[in-house]
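Each residue of the sequence shown is one higher than the last, beginning at 6 in this note's numbering.
Note sheet for the following structure.
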Amino acid sequence: AAHSNGGVPQLDRGAQSCVQADAKTKGMVMHEMRSPLHGIVGLATTLAQESSPMQKALNMIACSAERVLELVTNLMDYWAYTMEPVYDEELDPIDLPALVLDCISKVEQVKDKR
Numbered sequence: 006a007a008h009s010n011g012g013v014p015q016l017d018r019g020a021q022s023c024v025q026a027d028a029k030t031k032g033m034v035m036h037e038m039r040s041p042l043h044g045i046v047g048l049a050t051t052l053a054q055e056s057s058p059m060q061k062a063l064n065m066i067a068c069s070a071e072r073v074l075e076l077v078t079n080l081m082d083y084w085a086y087t088m089e090p091v092y093d094e095e096l097d098p099i100d101l102p103a104l105v106l107d108c109i110s111k112v113e114q115v116k117d118k119r
């Protein structure tokens with residue numbers, strides 16, 4: 006279950022393991038779907054470039070596979086967006102003001118060299 010530690014939500018080890026396993030499974034499934042789709046798109050597109058009676062059908066196959074590939078990609082993006090963030094308790098907090106000042110300083114150094 007999630008609890009708060011300094012304003013940062015934390016997941017207990019069991020919940021964290023489940024979230025990580027779910028993300029790994031989804032990633033594996035999506036990879037297994039995307040790889041053959043890329044092959045179908047590539048092969049159908051290559052074959053459709055040659056003039057043949059099957060050219061129209063091959064173009065339809067390539068277009069359909071591209072649409073399915075786009076849906077799979079959108080689904081992956083959706084899962085990544087809705088995935089509950091997993092916070093590692095051992096990470097050091099980020100000093101955002103110091104980071105911003107450091108970035109500004111580096112940009113000014115580059116600007117001054119011009």
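Glycine included, C-beta positions come from ideal geometry on N, C-alpha and C.
Note that this is a predicted model, so its numbers are computed, not measured.
- By the beta-carbon neighbour count (other beta carbons within 10 angstroms, threshold 16), LEU42 is buried.
- DSSP, reduced to helix, strand and coil, places GLN114 within a helical segment of the structure shown.
- Between MET81 and MET35, the CB-CB gap stays under 7 Å.
- Excluding the 5 residues flanking it on each side, ALA70 has same chain C-beta neighbours closer than 6 Å at LEU42, ILE45, VAL46, in chain order.
- Cβ contact annotation for GLU37 (same chain, cutoff 7 Å, sequence separation greater than five): none.
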